[in-house]
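Note sheet for the following structure.
Residue numbers (this note's numbering): 91 to 543.
Written as structure tokens, this is what we have:
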């Protein structure tokens with residue numbers, strides 16, 4: 091008991107006064123999934139076709155993302171288990187298998203988009219030189235994909251030196267992406283009043299039936315690109331290293347006797363961690379929201395007057411040069427490359443958490459990276475349109491979202507799982523409202539696709 095009191099004295103004053111920074115990291119790693127190449131695809135398409143009109147989708151998607159990521163982190167901090175592990179522990183096996191299948195579909199769609207984005211970014215930067223020496227476009231893209239795969243392996247290797255190294259590397263990528271889009275926005279001189287209006291006022295393009303359905307399709311794609319199912323599973327795992335460190339200093343299981351002094355101390359440490367993680371989430375998610383908004387703003391100003399929406403990442407790159415100068419095109423490609431590399435790394439990490447948590451098996455993260463390269467290589471080799479694949483992947487993610495959100499809400503609302511950390515009534519209402527909105531949008535999109543719009 092004395093040891094626990096000493097541990098509490100060691101942790102609480104130090105972290106409250108000067109160690110908040112040491113708790114920053116998990117949410118920034120998760121935020122990469124919110125600024126991945128799928129966001130580039132949907133935001134460029136949305137901004138070039140509908141201007142500022144869909145900015146409100148990003149605002150509300152971000153609000154839902156903050157809530158969902160906090161609940162995921164909370165589940166991990168309170169139980170000491172990831173979301174997939176909790177599903178396996180508390181749900182029947184058939185349900186667990188169904189959830190695993192849906193999670194794998196989301197992970198595959200995510201990894202496809204992210205890996206394609208990294209390959210495209212490298213292709214845009216280095217491809218012209220290779221094409222000038224007689225390389226084919228497909229061959230250049232394949233070479234870019236293989237180089238990107240090696241780069242992701244190197245980023246994953248940072249984790250071998252400790253979780254802080256990997257978090258630091260991912261945060262650096264986020265910083266570069268933010269600087270790139272800050273530069274792009276400065277170049278285009280947007281109408282801030284109109285942007286603010288469409289951020290706060292939900293609207294859809296009603297100029298024609300096709301525009302209306304098209305804006306719904308992109309809105310659902312943007313929702314899928316912003317509220318990502320695979321990272322819901324991942325965040326509950328990202329908090330575990332610090333939790334293990336705290337456990338070595340006196341943290342006890344959440345289901346220990348409630349009246350024990352040890353449990354009281356442990357609950358205090360968990361609440362402290364939750365406060366710091368909430369700050370981490372607010373900073374990281376709002377940073378991702380600003381970057382996403384900058385993507386739409388840039389596309390809205392730069393491409394809206396072209397007479398036709400920009401439906402290809404390569405087209406966007408080639409158009410930016412003549413419109414805004416070579417620097418704008420280069421910065422765009424750098425941002426896309428950083429987004430693809432970092433989000434592909436995070437996607438592989440999420441896939442690892444999914445397969446190990448649901449199936450209780452050990453699986454090499456490097457082997458998973460090797461396996462998940464195959465779909466993207468096939469897409470490139472066949473010559474499919476990368477942007478269409480990127481947008482389609484985001485719609486797939488939106489359909490798989492409920493299969494991650496509903497188990498998360500059920501578990502965080504159960505007193506048998508969360509004990510004194512069970513979600514309050516307002517949080518439950520906000521969570522179920524978010525699920526309702528997502529499911530409703532998906533039903534509308536399904537009807538749209540069934541009618542052939």
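Backbone N, C-alpha and C fix where the C-beta goes; we use that ideal spot for every residue, glycine too.
Between the CA atoms of residue j and residue i - distance to the nearest angstrom
i           : j           : result
residue 143 : residue 306 : 11 Å
residue 223 : residue 229 : 12 Å
residue 263 : residue 432 : 7 Å
residue 289 : residue 114 : 28 Å
residue 91  : residue 332 : With a pLDDT of 36 at residue 91, under the threshold of 50, the modelled position of this residue cannot be trusted; read the value that follows with caution. Distance between the alpha carbons of residue 91 and residue 332 is about 22 Å.
residue 244 : residue 511 : 38 Å
residue 411 : residue 485 : 30 Å
residue 178 : residue 188 : 11 Å
residue 496 : residue 467 : 33 Å
residue 320 : residue 440 : 6 Å
residue 360 : residue 516 : 21 Å
residue 167 : residue 490 : 24 Å
residue 169 : residue 531 : 32 Å
residue 35  : residue 389 : Any question about residue 35 goes unanswered here, given that the chain covers just 91 to 543.
residue 423 : residue 272 : 14 Å
residue 446 : residue 150 : 32 Å
residue 379 : residue 471 : 34 Å
residue 270 : residue 381 : 9 Å
residue 459 : residue 197 : 12 Å
residue 283 : residue 392 : 17 Å
residue 227 : residue 281 : 37 Å
residue 415 : residue 265 : 23 Å
residue 184 : residue 219 : 53 Å
residue 513 : residue 182 : 23 Å
residue 396 : residue 287 : 23 Å
residue 225 : residue 171 : 49 Å
residue 158 : residue 522 : 11 Å
residue 572 : residue 186 : Outside the shown range of the chain, which is 91 to 543, sits residue 572, and nothing can be said about it.
residue 526 : residue 483 : 21 Å
residue 383 : residue 156 : 16 Å
residue 505 : residue 279 : 51 Å
residue 267 : residue 529 : 31 Å
Cβ-Cβ distance between residue i and residue j below 7 Å
i           : j           : result
residue 160 : residue 498 : no
residue 308 : residue 488 : no
residue 210 : residue 465 : no
residue 173 : residue 323 : yes
residue 443 : residue 520 : no
residue 418 : residue 277 : yes
residue 371 : residue 153 : no
residue 469 : residue 479 : yes
residue 463 : residue 123 : no
residue 221 : residue 407 : no
residue 121 : residue 375 : yes
residue 285 : residue 387 : yes
residue 192 : residue 453 : no
residue 304 : residue 132 : no
Option nearest residue i by Cα separation, candidates the options
i           : options            : result
residue 317 : 446, 458, 447, 200 : 200
residue 254 : 330, 266, 236, 320 : 330
residue 148 : 377, 423, 416, 446 : 377
residue 274 : 134, 287, 197, 310 : 134
residue 237 : 217, 285, 226      : 217
residue 111 : 293, 424, 257, 175 : 257
residue 548 : 146, 365, 471, 527 : The question about residue 548 has no answer here: the residues shown for the chain are numbered 91 through 543.
residue 474 : 267, 231, 373      : 231
residue 455 : 250, 483, 366      : 250
residue 509 : 268, 354, 261      : 354
Neighbourhood of residue i by C-beta, 7 Å cutoff - its chain only, sequence neighbours within 5 removed
i           : result
residue 204 : 126, 127, 430, 433, 434, 437
residue 130 : 207, 385, 403, 426, 429
residue 259 : 245, 248
residue 394 : 138, 141
residue 450 : 178
residue 212 : 234, 237, 238, 427
residue 165 : 173, 176, 326, 498, 501, 502
residue 291 : 146
residue 365 : none
residue 180 : 501, 507
8 Å CB neighbourhood of residue i in its chain, flanking five on each side removed
i           : result
residue 518 : 499, 503
residue 195 : 486, 490
Own chain residues within Cβ distance below 6 Å of residue i, not counting five before or after
i           : result
residue 558 : This structure gives no information on residue 558, because the portion of the chain shown stretches from 91 to 543.
residue 405 : none
residue 524 : 154
residue 336 : 359
residue 373 : none
Near the ligand NAD: residue i beta-carbon under 6 Å from a heavy atom
i           : result
residue 451 : Absent from the structure shown: the ligand NAD. Ligands present: none.
Suppose only complete runs of 4+ residues qualify. What are the alpha helix (DSSP H) ranges in the stretch 186-233, listed by chain order?
none
In chain order, each alpha helix (DSSP H) run of at least 4 residues that lies wholly inside the stretch 397-479:
403-414, 416-449, 455-472
Just to confirm the assignment: which complete alpha helix (DSSP H) runs, minimum length 4, are found wholly within the stretch 510-540?
515-540
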